[in-house]
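One structure is given here, and the rest of the page talks about it.
Numbering (this note's numbering), first residue to last: 18 to 109.
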């Protein structure tokens with residue numbers, strides 16, 4: 018396991034984790050917000066925007082899970098945003 022920084026638009030997401038064998042990088046909603054990005058969740062979608070309102074990432078919601086793929090932003094490394102919590106507890 019290791020980590021590095023990713024640049025999306027003019028923002029840098031620090032300490033994005035790579036887990037060998039997983040095939041995807043891991044980061045949290047908090048890391049996006051710490052990078053001064055806006056994260057919005059809707060019934061069927063989610064969005065990540067910069068401070069100018071430019072949409073950097075768009076994802077979808079299904080089976081209690083939000084997923085995004087930023088292949089257009091970073092061709093070499095798909096990233097997934099996972100969010101699932103019991104009704105009485107939320108970690109977001």
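Cβ coordinates follow ideal geometry from the N, Cα and C atoms, glycine included.
Rounded to the nearest whole angstrom, the CA to CA distance from residue 47 to residue 38 is 24 Å. For residue 51, the enclosing alpha helix (DSSP H) stretches over residues 46-51.
Excluding sequence positions up to five before and after residue 53, its CB lies within less than 7 Å of the CB of 28 and 68, all in the same chain and listed in chain order. About 10 Å separates the beta carbons of residue 44 and residue 25, which is beyond the 8 Å limit, so they are not a contact pair.
Secondary structure at residue 60: coil, using DSSP grouped into helix, strand and coil.
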